Amino acid sequence: MGARRDPAARGRTDKVLRSARFLGAALAVATMLAATPALAGADDYRFELAAKPVRAGDVTLVRLRLMHLPDGQPVAGAILLPPRLEMGMGPGAMAAPAKIAAPPGPGLYAVETRPSMGGEWQLSLSAKVPGEAATLRGRIALDLGQ
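Given below as structure tokens:
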């Protein structure tokens, strides 16, 4: 006749096996999370004015920087996409020409605008940052007094 197992011993063995499976699964998840690089999001960046807009004739030069908020450092090497300058909102919004200008220095960007009149304008910007999958978007309010 075969030996009978103690029911208490069988319960302990089952408990040890369940614990081992749980620990193995937890270790696998922890390893995957540790191997995944932390991804920054578009909310980690902000466009801001670097200086007051400078007007020369009918052209206004807007100097700005793109800031990486977690470390407070300006971002160099971003590629600015064509900007848009608008006054007002909705169907009555008025647009003015705006284009990327030569960068005035490291970590700085410039947009050349030609507003048709003075007042409150919104500069809409987009940029591709090396290492970021998403296109960053932002708006800067400008008081372009004529």
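Numbering (the numbering used here), first residue to last: 530 to 675.
Every residue gets a Cβ at the ideal spot worked out from N, C-alpha and C, and that includes glycine.
Since the structure is predicted, the reported quantities are computational estimates derived from the model, not experimental observations.
Open item on the list: Nearest by alpha-carbon distance to Gly586: which of Ala624, Arg643, Gly636 and Ala625 is it?
Closed with: Here residue 586 refers to the residue found at position 57 of the sequence shown. When each option's Cα is compared against that of Gly586, the closest is Arg643.
Task: Where Ala639 falls, given that 16 or more other Cβ within 10 Å makes a residue buried - done: On the sequence shown, residue 639 is found 110 positions in, with the first residue counted as 1. Per the 10 Å Cβ criterion, buried.
- [ ] Identify which residue in Asp672, Gly660 and Ala579 has its Cα closest to the Cα of Gly570.
- [x] Mapped onto the sequence shown, residue 570 falls at position 41. For Gly570, the nearest C-alpha among the options comes from Gly660.
Open item on the list: I need the straight-line Cα distance from Pro611 to Pro626, nearest angstrom please.
Closed with: Translated into the one-based positions of the sequence shown, residue 611 becomes position 82. Translated into the one-based positions of the sequence shown, residue 626 becomes position 97. Cα to Cα, the separation comes out at about 10 Å.
Task: Gly601 to Glu577 span [Cα, whole Å] - done: Here residue 601 refers to the residue found at position 72 when the sequence shown is read from its first residue. Here residue 577 refers to the residue found at position 48 when the sequence shown is read from its first residue. One C-alpha to the other measures close to 12 Å.
Task: Buried or exposed (CB count within 10 angstroms, at least 16 for buried), Pro620 - done: Here residue 620 corresponds to residue number 91 of the sequence shown, with the count starting at 1. The residue is exposed, with fewer than 16 neighbouring Cβ atoms inside 10 Å.
Task: Pair within 8 Å by beta-carbon distance, Leu590 and Pro582 - done: Along the sequence shown, one-based indexing puts residue 590 at 61. Along the sequence shown, one-based indexing puts residue 582 at 53. Taking 8 Å as the Cβ cut-off, Leu590 and Pro582 qualify as a contacting pair.
Open item on the list: As a quick exercise: from Arg666, Glu649 and Trp650, pick the residue whose alpha carbon is nearest that of Lys657.
Closed with: If you number the sequence shown from 1, residue 657 lands on position 128. For Lys657, the nearest C-alpha among the options comes from Arg666.
Open item on the list: Taking the beta carbon of Leu598 as the centre, do at least 16 other beta carbons fall within 10 Å, making it buried, or is it exposed?
Closed with: The residue you call residue 598 lines up with position 69 of the sequence shown. So Leu598 counts as exposed.
TODO: Using the DSSP secondary-structure output, state which residues sit across from Gly667 in a beta bridge.
DONE: In the sequence shown, the residue the question calls residue 667 occupies position 138. According to DSSP, Gly667 bridges with Leu654.
TODO: Please determine, among Lys544, Ala579, Ala622 and Pro635, the residue with the shortest C-alpha to C-alpha distance to Gln651.
DONE: The count along the sequence shown starts at 1 and reaches residue 651 at position 122. Ranking Lys544, Ala579, Ala622 and Pro635 by Cα distance to Gln651 puts Ala622 first.
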